[in-house]
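Take a look at the structure below.
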Amino acid sequence: MEGDRSNLNIVGSHYGVGNKIGERSFGIVFKGTNLLNQQQVAIKFAPQTGIPAVYYFGQEGLHNILVIDLLDANLEDVFDLYERKFSVETLVPIAKEMVRKFEPLFTQVLLLVQLSRVQSIHKRGLIQRNIKPENFLLRQPGSKSASTIYLVDFGTAKQYLNPETNRHISYKERKSLISTARYMSINAHLGIEQSCRDDLEALLYVLIYFLRGDLPWQGLKTGISGEKYEGIRILKQTFRVEDLCDGSPEEFSECFSYVRRVGFEHVPNYEYLRALMSSGCGGYGEHDRMRVNARFDRK
Numbered sequence: 000m001e002g003d004r005s006n007l008n009i010v011g012s013h014y015g016v017g018n019k020i021g022e023r024s025f026g027i028v029f030k031g032t033n034l035l036n037q038q039q040v041a042i043k044f045a046p047q048t049g050i051p052a053v054y055y056f057g058q059e060g061l062h063n064i065l066v067i068d069l070l071d072a073n074l075e076d077v078f079d080l081y082e083r084k085f086s087v088e089t090l091v092p093i094a095k096e097m098v099r100k101f102e103p104l105f106t107q108v109l110l111l112v113q114l115s116r117v118q119s120i121h122k123r124g125l126i127q128r129n130i131k132p133e134n135f136l137l138r139q140p141g142s143k144s145a146s147t148i149y150l151v152d153f154g155t156a157k158q159y160l161n162p163e164t165n166r167h168i169s170y171k172e173r174k175s176l177i178s179t180a181r182y183m184s185i186n187a188h189l190g191i192e193q194s195c196r197d198d199l200e201a202l203l204y205v206l207i208y209f210l211r212g213d214l215p216w217q218g219l220k221t222g223i224s225g226e227k228y229e230g231i232r233i234l235k236q237t238f239r240v241e242d243l244c245d246g247s248p249e250e251f252s253e254c255f256s257y258v259r260r261v262g263f264e265h266v267p268n269y270e271y272l273r274a275l276m277s278s279g280c281g282g283y284g285e286h287d288r289m290r291v292n293a294r295f296d297r298k
């Protein structure tokens, strides 16, 4: 990477790249300078897989413009094609692909694919904070990397590790609710600052949603947004994990129990979660993602 830096003395049109600060698992960090106002910044170079390439970002008139890879259907669309219920067999190939991104949970179930994406982001010092099926997209059939699942929408993402010091953000309460109520963690409902554990809990809700076809708190009627969030929180806290995961491999319940015990600043044991998920899906072999693409193409 450092050898490449000579060709990248200026990035983003006006950021000068200085000396290397450090190198970690998520990439290499350099000192930088905003050449327009001399503000000192940190510039991070990191490899990416499963994250759309950004070709342009800037302002045009009253609008912010973002140009990225053209992607196709999201997992909610695919879920509809499967009549709103995935079997564990269907989830295995999707999940495996997702696991590399967040490095969070499992390796053999749709979350594995999502996990992949989450892992990738967590390793870069980021938390996504809005994990949901609509934010995982497929590449267009027939295109390069068509089998890759992409994680998108970082409008609510936050840096939880300082890129220079690797220091974790501080624990705080009374934070605003920013995630999707259906999938957000219990701690997020309580207004507690989010960290890696919250992305993982949200991923687990997505997994159970795909296996069940719905979640117990869907369709909750209150008429007032704040009351709806509160009602969903109460259901999440009172609904037994064993009942939520009823009909799913028992290892999924163990994943929930583990993730809810993870401390705010603790690094989740991703390998343990993967082992649980792999054990739960042990009766299923590898399945070609082309099966999913082929079904989508027929629609």
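Counting in my numbering, the sequence shown runs from 0 upward without gaps.
Backbone N, C-alpha and C define an ideal beta-carbon position, used for all residues, glycine too.
Note that the structure is a prediction, hence the values are computed from the model and not measured.
Check: How is the alpha helix (DSSP H) around Leu275 delimited, first residue to last?
Finding: 269-279
Notebook entry, point to check: Once you ignore the five residues that flank Ile20 on each side, which residues in its own chain have a CB closer than 7 Å to its CB?
Noted result: Val28, Phe29, Lys30, Ala41, Glu163
Notebook entry, point to check: What separation, rounded to the nearest whole angstrom, lies between the Cα atoms of Asn161 and Glu200?
Noted result: 23 Å
Next item on the list: Measure the beta-carbon distance from Glu264 to His188 and round it to whole angstroms, keeping in mind my assumption that it falls under 8 Å.
Entry: The pair is not a contact, with the Cβ atoms about 20 Å apart (cut-off 8 Å).
Next item on the list: Can you tell me which of the three DSSP states Pro66 falls into?
Entry: Going by the sequence as given, residue 66 is Val instead of Pro. The answer is strand: DSSP assigns Val66 an E or B state.
Margin query: Please state whether the Cβ-Cβ distance between Leu234 and Lys227 is less than 8 Å.
Written below: no
Next item on the list: Would you kindly work out how many angstroms separate the C-alpha atoms of Leu272 and Cys254, rounded to a whole number?
Entry: 6 Å
Notebook entry, point to check: Which whole-angstrom value describes the C-beta separation of Gln236 and Ile185, a residue pair presumed to lie in contact below a C-beta threshold of 8 Å?
Noted result: 6 Å
Next item on the list: Give the straight-line distance between the Cα atoms of Lys298 and Tyr208, rounded to the nearest whole angstrom.
Entry: In this prediction, Lys298 scores a pLDDT of 41, lower than 50, which makes its location untrustworthy; no coordinate-derived value is stated.
Next item on the list: Given a cut-off of 8 Å, decide if Gly154 and Glu172 are closer than it, judged by their beta-carbon atoms.
Entry: no
Checklist line | Inside the region 188-223 only - alpha helix (DSSP H) runs reaching at least 4 residues | finding: 195-211
Next item on the list: Pick out whichever of Glu229, Tyr257, Val16, Leu137 has its Cα sitting closest to the Cα of Leu176.
Entry: Glu229
Item checked: Val205 vs Lys131 beta-carbon contact at 8 Å -> yes
Checklist line | Close beta carbons around Tyr14, own chain, < 8 Å, minus the five adjacent residues each side | finding: Gly31, Thr32, Asn33, Leu34, Val40, Ile42
Checklist line | Candidates Leu202, Arg116, Gln37, of which the one nearest Tyr149 by Cα | finding: Arg116
Notebook entry, point to check: Rounded to a whole number of angstroms, what is the C-alpha to C-alpha distance between Glu192 and Gly17?
Noted result: 33 Å
Note to self: Can you tell me where the alpha helix (DSSP H) holding Lys243 begins and where it ends?
What the structure shows: Correcting the residue type first, residue 243 is Leu in the shown sequence and not Lys. Where Leu243 is concerned, the enclosing alpha helix (DSSP H) stretches over 240-243.
Checklist line | For Glu59 and Arg259, the rounded distance between their alpha carbons | finding: 44 Å
Checklist line | Selection from Ser169, Met183, Leu137 that minimises the alpha carbon distance to Gln127 | finding: Met183
Notebook entry, point to check: Quick one: Cα of Gly194 to Cα of Asn129, how far?
Noted result: The question names Gly, but residue 194 is Ser in the sequence shown. One C-alpha to the other measures close to 12 Å.
Next item on the list: Give me whichever residues DSSP pairs with His265 in a beta bridge.
Entry: Answer is none; His265 lacks a bridge partner.
Notebook entry, point to check: With burial defined as no fewer than 16 other Cβ atoms inside 10 Å of the residue's Cβ, what is the status of Phe238: buried or exposed?
Noted result: exposed
Checklist line | Strand pairing of Tyr149, partner residues [DSSP] | finding: Leu136
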